[in-house]
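A short worksheet on the structure shown next.
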Amino acid sequence: MKMSIGQTIEIIYLDKAGKITQRKIEVNGIREGRIRATCLTTNAPRVFLESSILSWQLARENRYA
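Quick note on my numbering: the sequence shown kicks off at 56 and runs consecutively.
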């Protein structure tokens with residue numbers, strides 16, 4: 056499975072301080088190992104290193120929103 060621009064995905068991420076977090080993000084761009092995205096938890100733009108994503112999957116739809 057390959058992530059694509061416009062997808063909403065859930066990731067498990069290892070940040071540079073060594074902290075593991077789980078986030079739901081909307082992918083805005085992918086280039087040179089960096090993923091530009093909007094973090095849907097904080098509604099803020101973020102850049103994630105592809106090499107620091109430990110796991111990812113397509114986000115499940117929230118049918119009750």
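C-beta atoms are modelled at their ideal positions from N, C-alpha and C, and glycine is treated no differently. Note that the coordinates shown come from a computational prediction; the quantities given were computed from them, not determined experimentally.
Residues in its own chain within less than 8 Å of I75 by CB, not counting five upstream and five downstream? Only I67, Y68, L69, L109 meet the Cβ criterion.
Cα separation between I60 and G84? Cα to Cα, I60 sits roughly 6 Å from G84.
N- and C-terminal bounds of the beta strand (DSSP E) containing G84: Its beta strand (DSSP E) spans residues 75–86.
Please tell me whether, using a cut-off of 8 Å, the distance from the CB of T97 to the nearest non-hydrogen atom of the ligand SAM is below it. This structure lacks the ligand SAM, and indeed carries no ligand of any kind.
Take Q77 and list the residues in its own chain whose beta-carbon comes closer than 6 Å to its own, dropping the five residues that flank it on each side. Shown here for Q77: same chain residues with a beta carbon closer than 6 Å to its own, the five before and five after excluded, namely I67 in chain order.
Cutoff 7 Å; reference L113; Cβ partners in own chain excluding five residues on either side: Excluding residues within five positions, the ones whose Cβ falls inside 7 Å are Q62, I64.
Secondary structure at A120, three-state DSSP: helix, strand or coil? Per-residue confidence for A120 stands at a pLDDT of 48, beneath the threshold of 50, marking its modelled position as unreliable; no derived number is given.
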